[in-house]
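S.K.:
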Amino acid sequence: MNKVRVIVILLILSLIVNGVQFYLYENKQSESIDLEKVIIINEFSERAKNWRNFNQFIDNLSQKEKLDSPISQLQSDLYWELAKHNQSIILKGTKYVSDNAEYSNYSDYLQFINDFDREYEAIINRFKTKITLMNNEQLVKLSSDLDVVYKLYINDGIGEFSIGENIQFEPNKEILSKVINELILIKEDLEAIE
């Protein structure tokens with residue numbers, strides 16, 4: 067009888083210890099997922115800030131009453147310094163996390179970030195080379211096109227998210243794909259300017 071009691075007590079203790087270990091593992095995994103979500107949120111926010119600043123710059127430029135046409139190379143270089151995209155320094159770290167990420171959408175969102183950076187940088191580079199050829203109407207169109215896609219990115223792509231006890235962040239992958247496609251079209255429009 068004593069042996070049965072000891073075995074039952076050991077089984078109960080084993081279940082308790084395993085339950086505690088499972089709880090600690092789940093809690094640690096949840097913290098990892100939250101940290102990965104915050105890293106991705108930071109990346110999306112950084113791009114939104116840089117994009118918004120670039121849009122404002124082009125909008126301000128397009129609203130000048132008389133745009134010096136063509137814009138001189140010196141002016142172009144100055145505009146470039148004001149408008150160029152600043153790379154996020156955190157992205158380098160996000161690439162290392164991706165292989166071991168526990169957040170199920172991490173690699174998908176990281177792929178969007180990489181695609182976005184490539185297309186956005188191409189737009190900035192095309193803008194730098196084409197600004198000396200652009201007239202006011204083309205600047206207004208570029209400003210409008212970028213603004214429309216920016217709103218799609220912010221309102222429908224990212225949507226609402228919250229950071230608190232429970233981090234809610236699930237951007238719409240389909241809309242994010244559409245954002246990339248729209249950026250490609252803007253880049254192609256810039257390439258066509260002669």
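In terms of the numbering used here, the sequence shown opens at residue 67 and continues consecutively. From the three backbone atoms N, C-alpha and C, an ideal C-beta is built for every residue, glycine too. A quick note: this is a predicted structure, and the numbers were derived from the prediction, not measured.
If residue 252 sits next to residue 107, beta carbons under 8 Å apart, how far is it from one beta carbon to the other, in whole angstroms?
M.R.: Not really, about 25 Å apart at Cβ, beyond 8 Å.
S.K.: What are the start and end residues of the alpha helix (DSSP H) that includes residue 193?
M.R.: Residue 193 -> alpha helix (DSSP H) spans 172–196.
S.K.: In whole angstroms, what is the alpha-carbon distance linking residue 212 and residue 174?
M.R.: For residue 212 and residue 174, the distance between alpha carbons rounds to 23 Å.
S.K.: Is the segment 239–249 touching the segment 199–219, taking contact as three or more C-beta pairs under 8 Å?
M.R.: Touching, per the Cβ criterion.
S.K.: If you drop the 5 nearest sequence neighbours on each side, which residues of the same chain put their C-beta closer than 6 Å to that of residue 234?
M.R.: Cβ within range, chain order: 227, 228.
S.K.: Comparing C-alpha positions only, which one of 205, 129, 182 sits nearest to residue 193?
M.R.: Per the Cα distances, 205.
S.K.: So for residue 129, helix, strand or coil by DSSP?
M.R.: It is coil, neither helix nor strand.
S.K.: According to DSSP, what are the bridge partners of residue 228?
M.R.: For residue 228, which the question treats as bridged, DSSP gives the partners 234.
S.K.: What number of angstroms, rounded off, separates the C-alpha of residue 169 from the C-alpha of residue 238?
M.R.: Their Cα atoms are separated by approximately 15 Å.
S.K.: Under the three-state reduction of DSSP, which class applies to residue 112: helix, strand or coil?
M.R.: Note: residue 112 maps to helix in three-state DSSP.
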